[in-house]
Amino acid sequence: MSTLAEEVGRTFESSMITCGVSGGLVLAFMALIEEGDEVLCPDPYFVMYKHLVRLFGGEPVFYDTYPDFLIRGDEIEALITPRTKAIVVSSPSNPTGAVHSEDELREIARIADKHNIFVISDEIYSLFSYDAPHLSMASYSENCLLLGGFSKSHSLTGWRLGYALGPAKILDEMIKLQQFTFVCAPSFAQSAALSAMDVDTSARRDEYRLKRDLAYNGLRELGYTVEKPGGAFYIFPQVPWGTDEEFVAEAIKNKLLIIPGSVFSEKNTHFRISYAAEDETIKQGLDVLKTLIEK
Ligand SMILES: Cc1ncc(COP(=O)(O)O)c(C=O)c1O
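Given below as structure tokens:
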């Protein structure tokens with residue numbers, strides 16, 4: 071088994087065990103943000119980012135990745151101000167499933183290094199990359215705080231276990247703050263993770279790739295406008311009519327639980343499907359989506 075440092079191709083100055091990636095995000099923003107600081111977040115984003123930034127007195131500033139969910143460095147750089155403290159990146163992404171290319175990650179690294187700000191890289195879905203091996207942001211920037219965990223890769227969500235690796239100047243503060251807040255990740259879960267790391271999860275990834283194909287091909291055949299996700303277990307199509315909430319309300323009336331895009335975005339034009347489900351359930355969901363697009 072290779073270590074993370076081997077996979078990323080460099081050593082890390084410091085590391086810590088966190089209470090999931092959520093715990094890592096809380097500590098990172100707590101360590102980093104002073105009143106009025108800005109944090110660049112992707113739009114669409116994982117729900118916690120903007121609320122945590124605000125909780126600690128900061129302001130989330132969104133870089134728009136629509137319609138293809140790609141990173142455009144020039145647009146991100148134009149948003150940098152003297153108050154910018156960090157750029158948040160997540161690949162593979164929740165809710166879009168987008169996987170960023172080496173060029174995109176290098177662009178983020180270039181901006182972070184040039185402006186001497188951190189990149190907070192949420193890589194919780196690193197084992198769910200379907201078309202190419204996972205690329206870590208940490209391979210491209212020494213300013214990267216890499217967050218990962220066991221909730222998705224090993225279905226240990228309730229065990230609250232994650233890790234953070236990166237520059238000592240942020241991790242020293244996070245370690246201090248953890249001592250006065252979470253104290254530590256559950257010790258039994260830390261022991262379990264040592265065994266979990268020996269488990270080969272590649273068969274599971276292959277199974278999920280097929281589910282991705284089932285969901286993506288099914289949506290395309292029905293006529294939905296949708297990007298092909300390269301990872302995670304979500305897909306983020308455009309709503310064919312109405313707002314995201316109107317469309318989702320109709321789906322729920324038909325016993326299909328999907329999530330309005332505006333939960334993850336400043337826009338209300340898309341909806342999120344999780345295909346972490348039995349194939350039969352995915353097919354039933356597609357049947358409902360067929361009736362909805364015909365309305
Ligand atoms: C992108 C992303 N980051 C972080 C988390 C939270 O992870 P954890 O269970 O490790 O706190 C999730 C959970 O859904 C997620 O999708």
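All letters in the sequence shown, in the order written, are residues 71 to 365 by this note's numbering. Every residue, glycine too, gets a C-beta built ideally from N, C-alpha and C.
| Check | Outcome |
| --- | --- |
| Since I believe Ala234 is in contact with Met118 (beta carbons under 8 Å), could you give me their beta-carbon distance rounded to a whole number of angstroms? | That pair is no contact at about 15 Å. |
| Once DSSP output is grouped into helix, strand and coil, what is the label at Gly236? | strand |
| Are the beta-carbon atoms belonging to Asn164 and Tyr195 less than 8 Å from one another? | yes |
| Can at least three beta-carbon pairs, one atom from the segment 85-104 and one from the segment 118-135, be found at a separation below 8 Å? | yes |
| For Met244, I'd like the list of residues in its chain whose CB is within less than 7 Å of its CB, leaving aside the five on either flank, ordered along the chain. | Met86, Leu97, Ala98, Ala101 and Ala234 |
| Are there any heavy atoms of ligand 1 lying less than 7 Å away from the beta-carbon of Val189, as far as the coordinates show? | no |
| Could you tell me whether the Cβ atoms of Ala259 and Arg230 are closer together than 8 Å? | yes |
| Between which two residues does the alpha helix (DSSP H) containing Ile157 stretch? | That residue, Ile157, is in no alpha helix (DSSP H); its beta strand (DSSP E) goes Thr154 to Ser160. |
| Can you tell which of Gly355, Tyr210 and Ser223 has its C-alpha closest to the C-alpha of Leu327? | Gly355 |
| Just how far apart, CA to CA, sit Leu359 and Phe303? | 18 Å |
| Does the Cβ-Cβ distance between Thr222 and Phe188 come in under 8 Å? | The residue asked about is misnamed: residue 222 is Lys in this sequence, not Thr. Taking 8 Å as the Cβ cut-off, Lys222 and Phe188 do not qualify as a contacting pair. |
| If distances are taken between C-alpha atoms only, which option among Val131, Thr361 and Val309 comes closest to Ile150? | Val131 |
| Given a cut-off of 8 Å on the beta-carbon distance, is the pair Gly301 and Ser199 in contact? | yes |
| Report the residue from Ile329, Leu289, Phe334 and Ala255 whose alpha carbon sits nearest the alpha carbon of Gly90. | Ala255 |
| Kindly identify the DSSP beta-bridge partner or partners of Cys214. | Val189 |
| Just the C-alpha distance for Glu277 and Asp107, rounded to the nearest angstrom, thanks. | 42 Å |
| Going straight from the alpha carbon of Gly219 to that of Thr271, what length do you get? | 14 Å |
| Spatial neighbours of Leu140 within its chain, please: C-beta separation below 6 Å, excluding the five flanking residues on both sides. | none |
| Have a look at Asn324 and Glu364 and give me their C-alpha separation to the nearest angstrom. | 14 Å |
| Identify whether Leu247 lies in helix, strand or coil by the three-state DSSP scheme. | helix |
| Going by beta-carbon coordinates alone, are Leu284 and Ile352 separated by less than 8 Å? | yes |
| Say yes only if the C-beta of Val91 is nearer than 7 Å to one or more non-hydrogen atoms of ligand 1, and no if none qualify. | yes |
| Does Ser211 pass the burial test, meaning 16 or more other C-beta atoms within 10 Å, or should it be called exposed? | buried |
| Leaving out five residues before and five after Glu336 in sequence, what residues of the same chain have Cβ atoms less than 8 Å from its Cβ? | Asp113 and Phe132 |
| Using only the alpha-carbon positions, how far apart do Ile343 and Leu289 sit? | 11 Å |
| Among the candidates His224, Phe250, Gly293 and Asp242, whose CA atom is the shortest distance from the CA of Met267? | His224 |
| Is the separation between the beta-carbon of Ser209 and that of Gly79 shorter than 8 Å? | yes |
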